[in-house]
Amino acid sequence: MDTNIRPDNMERITTRALADAFIEEQVAQIRKQVGDQKVLLALSGGVDSSVVAALLIKAVGKQLVCVHVNHGLMRKGESEQVIEVFQKGLDANLIYIDATDRFLDLLAGVEEPERKRKIIGGEFIKVFDEEAKKLDGIAFLAQGTIYPDILESKGVKAHHNVGGLPEDMKMELVEPVKLLYKDEVRVVGEALGLPHGMVYRQPFPGPGLGVRCLGAITRDRLHALREADAILREEFDKSGLAEHVWQYFIAVPDFKSVGVRDGKRYEGWPAIMRAVNTTDAMSATIEEIPYELLHRITDRITHEVEGINRVLYDLTPKPIGTIEWE
Ligand code: XMP
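Residues in the sequence shown are numbered from 217 upward in steps of one, following the numbering used here.
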């Protein structure tokens, strides 16, 4: 049987009991494959790599070495959550690398979106590779490949994702969720005890806030974007919108407009809000947000975030606008 093809009769994992059975089966299989050897995993904190990490920790404990690379383009609190959940909660063997300066120094002055993506993807591989070389006796590389990745392997995600790893890494792959769809990975993640917010989080592009800090990234504008995004997420959580809106975020362009604060001229960047619904990200519609909530978010961002003086809501569906601005 081609191990990359999901059998027609494979039952869809929709319940806790089915997830438990899957976990039990995979734990046995991973133990058989890995034996007493070590496994390496790039743990981004996204749904897929988190579920693979939890599964491997259950199967082989400290034989799994997780590497979390903070490229400085994470959302507020994300790297902290990875450390909290995996190191403190699951006692994982976790190597945390704060590579913020490396990434931001390389990105300084780079305006062109595709070049920014290439720099982020390329540097990620470098950092991960350097770390892997420091470790002895790693025989396996675990990956959070899921079934849609296999189906679309010649499509979009494969080439623009940061998760792509060095091709010359001579390690056997461990891909325990490669036959699962995203909704199944989530059910398995909850059964493994991962936090609901981590397992049901919205999609987040590999290059992170790098594609939302439009044009050449500067630290001050990136900081403003991260803070504004955190406020948006907090308000969506509180209002219940987070549960049903597919993706929502802030983008901050590289220009300023005039404003007034405390009776004085206050130049600042606009924060552009976007909240879209879709099933496949090929087309998307705009979420109708109550005006009251829009006002609250605007009020909070313009008062709490240094450097932002206006908030705009992007009403453009896809097509014609892509979901991201870059
Ligand atoms: P667009 O902007 O093309 O986005 O309408 C469609 C979906 O893909 C995500 N996206 C990315 N994901 N790396 C990723 O892993 C990327 O470079 C990237 N660019 C866009 C986007 O967030 C949306 O969910």
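Backbone N, C-alpha and C fix where the C-beta goes; we use that ideal spot for every residue, glycine too.
These numbers come from a predicted model, not from an experiment.
Distance cut-off 7 Å: residue i Cβ against heavy atoms of ligand 1
i, result
"residue 538", "yes"
"residue 417", "no"
"residue 359", "no"
"residue 326", "no"
"residue 449", "no"
"residue 468", "no"
"residue 534", "yes"
"residue 233", "no"
"residue 333", "yes"
"residue 329", "no"
"residue 401", "no"
"residue 285", "no"
Neighbour-count burial assignment, residue i, 16 or more Cβ in a 10 Å radius
i, result
"residue 226", "exposed"
"residue 359", "buried"
"residue 361", "buried"
"residue 428", "buried"
"residue 507", "exposed"
"residue 293", "exposed"
"residue 451", "buried"
"residue 223", "exposed"
"residue 344", "buried"
"residue 251", "exposed"
"residue 386", "exposed"
Residues near residue i by beta carbon distance below 7 Å, same chain, minus five either side
i, result
"residue 533", "500, 501, 502"
"residue 228", "400"
"residue 265", "257, 258, 259, 360"
"residue 482", "475, 476, 525"
"residue 411", "301"
"residue 424", "287, 289, 290"
For residue i: DSSP bridge partner residues
i, result
"residue 473", "484"
"residue 463", "492"
"residue 501", "493"
"residue 534", "500"
"residue 357", "256, 389"
Residues of its chain near residue i, where Cβ-Cβ distance is below 6 Å and the 5 sequence neighbours each way are ignored
i, result
"residue 418", "463"
"residue 234", "none"
"residue 371", "Annotation note: pLDDT 49 at residue 371 (below 50); position unreliable, no value reported."
"residue 375", "Reliability fails at residue 375, whose pLDDT of 42 lies under 50, so the model's placement of it is uncertain and the value that follows must be treated cautiously. None."
"residue 439", "none"
"residue 531", "502"
"residue 270", "408, 410"
"residue 494", "462, 500"
"residue 395", "222, 363"
Own chain, CB closer than 8 Å to residue i, minus 5 neighbours either side, in chain order
i, result
"residue 336", "287, 289, 319, 323, 378, 422, 423, 424, 426"
"residue 299", "284, 310, 312"
List, from N- to C-terminal side, the beta strand (DSSP E) runs of 3 residues or more that fit wholly inside the region 261-297.
280-286
Runs of 3 residues minimum, wholly inside the region 298-326: which ones carry the beta strand (DSSP E) assignment?
309-314
Output the residue ranges of the beta strand (DSSP E) runs that lie fully inside the region 389-468 and measure 3 residues or longer, sorted by chain position.
463-467
Uninterrupted beta strand (DSSP E) stretches inside the region 221-260 (no shorter than 3 residues)
254-258
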